[in-house]
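Have a look at the structure below, then the notes.
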Amino acid sequence: MKNNTFFELEGIVINTMPNATFKVKLDNGIIINSFVSGKIRKNFIKIMIGDKVKILISQYDMTKGRIIHRL
Numbered sequence: 014m015k016n017n018t019f020f021e022l023e024g025i026v027i028n029t030m031p032n033a034t035f036k037v038k039l040d041n042g043i044i045i046n047s048f049v050s051g052k053i054r055k056n057f058i059k060i061m062i063g064d065k066v067k068i069l070i071s072q073y074d075m076t077k078g079r080i081i082h083r084l
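Mapping to the numbering used here: the sequence shown position 4 is 17, numbers consecutive.
Here's what the structure looks like:
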């Protein structure tokens, strides 16, 4: 999504939680909750603790993000 209301950041998964949600520590040190995008879920890509991921964060709610890519 190339929209002005989203930021694309990278971080590391530090904890897994139920329902395919994760705690991700961003490169700037902030920890946010994030969920898996539909394409990752559809293609059965596994995300584990320690994986580097790329996430989208809305400018309206900076506490939640969507994992869009596993690096």
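Think of the CB as a built atom: it goes at the ideal place given N, C-alpha and C, for glycine as much as any other residue.
In the DSSP assignment, Gly24 falls within the beta strand (DSSP E) that extends over Phe19 to Met30. Of all alpha-carbon atoms in Leu84, Ile80 and Thr18, the one lying nearest the alpha-carbon of Ser50 is that of Ile80. In the DSSP assignment, Gly51 falls within the alpha helix (DSSP H) that extends over Gly51 to Lys55. Counting C-beta atoms within 10 angstroms of its own C-beta, Phe20 has fewer than 16 neighbours from the protein chains shown and is therefore classed as exposed. The DSSP-derived three-state label of Asn46 is strand.
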